[in-house]
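Student: In the numbering used here, the protein residues as written are 34 to 266. Glycine residues also receive a C-beta, built at the ideal position from the N, C-alpha and C atoms.
1) Relative to the alpha-carbon of residue 137, which residue among 94, 149 and 123 has its alpha-carbon at the smallest distance?
2) Mind checking which residues open and close the alpha helix (DSSP H) that includes residue 157?
3) Return yes when the C-beta of residue 171 is under 7 Å from any heavy atom of the ligand NAP, and no when it is not.
4) What separation, rounded to the nearest whole angstrom, lies between the Cα atoms of residue 97 and residue 251?
5) Within 8 Å, do at least three Cβ pairs link the segment 178 to 186 to the segment 215 to 231?
6) So is residue 167 buried or exposed if we call it buried at 16+ other beta carbons inside 10 Å?
7) Using only alpha-carbon positions, find the residue among 185, 152, 200 and 104 that is nearest to residue 226.
8) How many whole angstroms separate the CB atoms of residue 192 and residue 237, which I take to be in contact at a CB cut-off of 8 Å?
9) Counting C-beta neighbours from all protein chains within 10 Å, is the total for residue 132 16 or more, i.e. buried, or is it exposed?
10) Return the chain-ordered list of same chain residues with a C-beta closer than 8 Å to the C-beta of residue 189, the five sequence neighbours on each side being excluded.
11) If you count every other CB in all the chains shown that lies within 10 Å of the CB of residue 173, and 16 or more means buried, which is it?
12) Do residue 160 and residue 147 have their beta-carbon atoms positioned less than 8 Å apart in this structure?
13) So with Cβ pairs under 8 Å, would you call residue 218 a contact of chain D?
14) Rounded to whole angstroms, what is the Cα-Cα separation between residue 1 and residue 145?
Below, the structure is given as structure tokens:
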């Protein structure tokens, strides 16, 4: 079973490792129930299985076995009969895990990292690629992925404003589940603390290298990110 205390969502950590929930559940409860004609039409056309070529590609590009890929695809198509995951569906998943907070904003940030080609939908290939990194990638891969989450405008730097937006989204998501320490009880305080430790050249923004090195210097973050939560499936 999944426990929040095992996740880098906790404010005492820098990194919300977004899809630990996905790797711990193996199914997307409440999805795929749309009665729209569009969904029904696409349901009939949805491929029940991956082709050999698709399977070969995903096996080569992810850390999942063929057996695991088949299971994930079966679950994905069952709950996303259109073959695509929409933003509102993605947000609904998070709402099930955080009923006492508002995870919509944070889920939208994570969605945009999953949606690699930025077409407004998450395909199975995009989904499994992100899941592979966040659940089984090495520390560098996970930190690169986390950097992409914070670097909202994709300019290669994380500004205080960008990080404050993410941290604010996390605080909204966890609601009153945790009592925050005095020096972290607002997004601004948390971000100032992070930048104090990571922004070595004091230019008000974090490079990928500063972000990764700063994260690696925190043993708790390293431990949290190197856990393979997918073994829970």
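Tutor: Well, looking at it:
1) Indexing the chain shown from 1 puts residue 137 at position 104. Answer by Cα proximity: 123.
2) In the chain shown, residue 157 corresponds to position 124, counting from 1. Unbroken alpha helix (DSSP H) run through residue 157: 157 to 169.
3) Within the structure as shown, the ligand NAP is missing, as the structure has no ligands at all.
4) For the purposes of this step, residue 97 is identified with residue 64 of the chain shown, where counting begins at 1. For the purposes of this step, residue 251 is identified with residue 218 of the chain shown, where counting begins at 1. Cα to Cα, residue 97 sits roughly 28 Å from residue 251.
5) no
6) The residue you call residue 167 lines up with position 134 of the chain shown. Buried is the call here.
7) As a working mapping, residue 226 is identified with position 193 in the chain shown. The residue with the shortest Cα to Cα distance from residue 226 is 200.
8) If you number the chain shown from 1, residue 192 lands on position 159. If you number the chain shown from 1, residue 237 lands on position 204. The Cβ separation is near 7 Å, so the contact holds.
9) The residue you call residue 132 lines up with position 99 of the chain shown. Exposed, because fewer than 16 other Cβ atoms sit within 10 Å of the Cβ of residue 132.
10) In the chain shown, the residue the question calls residue 189 occupies position 156. If we look at residue 189 and ignore the five residues flanking it on each side, its Cβ neighbours are 240 and 241.
11) Taking the chain shown and counting its residues from 1, one reaches residue 173 at position 140. It counts as exposed.
12) As a working mapping, residue 147 is identified with position 114 in the chain shown. As a working mapping, residue 160 is identified with position 127 in the chain shown. Cβ atoms of residue 147 and residue 160: closer than 8 Å.
13) Of the protein chains in the structure, only one exists, and it is not chain D.
14) Absent from the structure is residue 1, since the part of the chain shown begins at 34 and ends at 266.
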